[in-house]
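Visitor: Can you read through this structure? Questions will come right after.
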Amino acid sequence: MRHPLVMGNWKLNGSTHMVNELITGLRKELSSVTGCDVAIAPPALYLSQAKQALAGSRIALGAQDVDVNLSGAFTGETSASMLKDIGAEYIIIGHSERRTYHRESDEFIAKKFAILKQQGLIPVLCIGETEQENEAGQTETVCARQIDAVLNTVGAEAFQGAVIAYEPVWAIGTGKSATPAQAQAVHKFIRDHIAQKDAVIAKQVIIQYGGSVNADNATELFAQPDIDGALVGGASLKADAFAVIVKAAAAAKKA
Ligand code: PGA
3 MRHPLVMGNW KLNGSTHMVN ELITGLRKEL SSVTGCDVAI APPALYLSQA
53 KQALAGSRIA LGAQDVDVNL SGAFTGETSA SMLKDIGAEY IIIGHSERRT
103 YHRESDEFIA KKFAILKQQG LIPVLCIGET EQENEAGQTE TVCARQIDAV
153 LNTVGAEAFQ GAVIAYEPVW AIGTGKSATP AQAQAVHKFI RDHIAQKDAV
203 IAKQVIIQYG GSVNADNATE LFAQPDIDGA LVGGASLKAD AFAVIVKAAA
253 AAKKA
């Protein structure tokens, strides 16, 4: 039985005040919730502060990106060993905003996956098609290509304990989520695709949905057999809204 994971991606939002306030709110809202793993990914600058504010809670710390190098002359970067050092566990890679604004390639993202595994961290690999690709009927081709770049670099075994987040780009921050049926079809495709390499790992791998998940659509999305929680952007910036999503995931898998 897979344990769902709901993770908040704060993106470029935060301040010292906001980090403490939001985490205090989340701890209160989620103190009695079991049956769902929870993580938050604040901006890198606030990770240490967030780690302290999370001490003693069940909420894990995540990060939004990582560099492909461990140390050296790479101005502005954050390494996997640094993330490990400060206590982050779930590291988002390949987010569409990184792919678009920083022109990150499938191969570059595969290197990030490899370095995270090497450091014992959990990659949260984001994949998904653009609106144009969706309309051209290329959703499966794009998702397969994005996963294959990683499979070919690290092998299917590396997906053991890793997380995939299917995030159709057209659904991110638009308020236009994929329908539960649409998302389920792609999640099943992704799981079947990995199963061609390793059926046991395909069954275990967590596949989150991401893209305009909110309190109103979470329950129906999580009712789908291949949707194991969510990567949440906008709705993760409010403790009560995020808590509703976490509780929906916990309830779905208990039912
Ligand atoms: P959203 O973002 O929930 O605001 O659509 C999701 C994401 O980018 O991970």
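At position 42 of the sequence shown the residue is numbered 44 (my numbering), and the sequence of numbers has no breaks. All C-beta atoms in this analysis are idealised placements derived from N, C-alpha and C, irrespective of residue type, glycine included.
1. Helix, strand or coil: which one does DSSP assign to Asp39?
2. Taking 6 Å as the limit between beta carbons, can you name the residues of its chain near Val171, skipping five residues before and five after?
3. If we require 3 or more residues per run, which beta strand (DSSP E) segments fall completely within the region 184–243?
4. Count the CB pairs spanning the region 195–207 and the region 36–46 that are closer than 8 Å, and state whether there are at least three.
5. Note the first and the last residue of the continuous beta strand (DSSP E) segment covering Met3.
6. Rounded C-beta distance between Gln51 and Val21? I'm assuming under 8 Å.
7. How is the beta strand (DSSP E) around Ala167 delimited, first residue to last?
8. Could you name the residues of the same chain whose beta carbon sits closer than 6 Å to that of Glu31, not counting the 5 residues immediately before and after it, in chain order?
9. Run through the region 11–80 for me and flag every whole beta strand (DSSP E) of 3 or more residues, listed as ranges in chain order.
10. In angstroms with no decimal places, state the Cα-to-Cα distance between Gly16 and Gly89.
11. In its own chain, which residues sit with a C-beta less than 6 Å from the C-beta of Gly167, not counting the 5 before and 5 after it?
12. What are the boundary residues of the beta strand (DSSP E) that Leu127 is part of?
13. Could you pull the DSSP bridge partners for Met9 from this structure?
14. Taking the alpha carbon of Ile93 as the point to measure from, which residue in Tyr103, Ile247, Leu7 has its own alpha carbon closest?
15. Measure the alpha-carbon distance for Leu63 versus Leu118 and round it to whole angstroms.
16. Helix, strand or coil for Ile88 per DSSP?
17. Please state whether the Cβ-Cβ distance between Phe76 and Ile95 is less than 8 Å.
18. Tell me whether His189 counts as near ligand 1, meaning its Cβ is closer than 7 Å to at least one heavy atom of that ligand.
19. Taking the C-alpha atoms as reference points, what is the distance between Ala55 and Ile25?
20. Roughly how many angstroms lie between the CA atoms of Asn136 and Ile174, to the nearest whole one?
21. Look up Ile174 in the DSSP assignment and say whether it is helix, strand or coil.
22. CA-CA distance, Thr143 and Ala217?
23. List the whole-angstrom C-beta distance separating Ile61 from Ser238, where the pair is believed to meet the contact cut-off of C-beta under 8 Å.
Guide: According to the data block:
1. strand
2. Ser98, Gly130, Thr132
3. 208–212, 231–234
4. no
5. It is not in any beta strand (DSSP E) - Met3 carries neither H nor E in the DSSP assignment.
6. 5 Å
7. 165–168
8. Ala241, Ala245
9. 39–43, 61–65
10. 19 Å
11. For the sequence presented, residue 167 should be read as Ala rather than Gly. The answer, listed in chain order, is Val126, Cys128, Gln210, Gly212, Leu233.
12. 124–129
13. Ala41, Leu233
14. Leu7
15. 15 Å
16. coil
17. no
18. no
19. 7 Å
20. 14 Å
21. coil
22. 31 Å
23. Not confirmed; about 11 Å, so no contact.
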